[in-house]
Structures are given as structure tokens and as C-alpha cells.
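Numbering-wise, the numbering used here comes out as the position in the sequence shown, counting from 1, plus 5. Okay, structure first, notes after.
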Amino acid sequence: MQPEEIIRSVKDIYTHNAFMQHCGIKVHSISCGKAAVGLRIDPAIHTNLHGKLHGGLLTTLVDNATGIACAAMGKRVVTVSMTVDFIKGAPSGAMVEAQAEVVSHNDQLITMQIHVYDTDADTLLAAGSCCMLTIADFPGIPEKW
6 MQPEEIIRSV KDIYTHNAFM QHCGIKVHSI SCGKAAVGLR IDPAIHTNLH GKLHGGLLTT
66 LVDNATGIAC AAMGKRVVTV SMTVDFIKGA PSGAMVEAQA EVVSHNDQLI TMQIHVYDTD
126 ADTLLAAGSC CMLTIADFPG IPEKW
């Protein structure tokens, strides 16, 4: 399978994810062991009482980016642990992007590094790590490409 086909396959899996659609999350980029997802903050549904991006939605972005990065290595995963250090709030209307990258992996566990940015202001909003458990493989998607 060619890289373009792998990217299209993984994108198809996640663009039909009902929860991602509900939240307005879009896949921005995919490569082997890396992914970025994002959204433009809608004040009617994405903000907390202070008018900033809700922390729960930020962690949802992280969870989706990590899952997609693992899928890009052919791994179907669930989240074991997630540590997110919130650095700065993002205002209503901002474009927010979560970037995930595989740091290490074995047959069962995948360790991820994550960063979340307000891409309009080129500002780091959050950073952290996740541990993912491989529960199955995605047929046809190689681990390395």
C-alpha cells in the first residue's frame, strides 16, 4: 500500500467517526506514527465559563490525534493513560490543533508525545503524553511506511 493510500484509509476511518463529527474535529495531517487534528472554537459549544476552549474538548482533541497516529501504524488502540499540562487558554474563534507523535512502542503499549497549539496565535496551549494499548491491527496498514 502506498503512503497516499494509507493516509486515505486512515482518514476515511476517522472522518466517519460520529463523535469527531459531533465535536467538529477535522483531520489535518497523517504520517507514519504522527497525526494532527483540530477545530475552530465555536463559542456556542466549545468554550468554558470563561469563554476559552473547554479542557474536556482539548483532551478529546488529544485522544483523537493519538488514536489516529497509532492507526497510521496499523494499530487499533484504546487509551490507558493521558497526562496533559494546560499552559494557556485559547479564545473563542481560534483554530486549535492537537499534534501527536509515537515516541516508543512494543507489541502492546505505545507511548505518545502530544502538543496542542492555537495555530492562529502560534501559541502552545498544552503538552503531555499518552500511553495507548494495542487491541488489534488495522488490516492492510503497515507498521512502517
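From the three backbone atoms N, C-alpha and C, an ideal C-beta is built for every residue, glycine too. Predicted, not measured: the structure shown is a model, and the values here were computed from it.
- Here DSSP, grouped into helix, strand and coil, assigns Ala99 to coil.
- Burial state of Asn69 is buried, judged by a 10 Å Cβ sphere holding 16 or more other Cβ atoms.
- Under the DSSP definition of a beta bridge, His110 partners with Ile115.
- Going by C-alpha positions, Asp47 is about 28 Å away from Cys75.
- Under the three-state reduction of DSSP, Thr128 is assigned to strand.
- In the displayed model, Met6 falls within coil according to three-state DSSP, outside both helix and strand.
- Taking C-alpha positions only, Lys57 is separated from Val101 by approximately 11 Å.
- Considering only Asp112, Ala131, Gln113, Ile115, the residue with the shortest C-alpha distance to Val121 is Ala131.
- Straight-line spacing of the CA atoms in Ala141 and Gly29 works out to 27 Å.
- Residue nearest to Pro144 within the set Lys31, Gly43, His51, Lys80 is Lys80 (criterion: CA-CA distance).
- Pairwise C-beta distances place the region 86-105 in contact with the region 52-66, as three or more of them are shorter than 8 Å.
- With distances taken between CA atoms, Met87 lies nearest to Met117 out of Met117, Ser109, Ala77.
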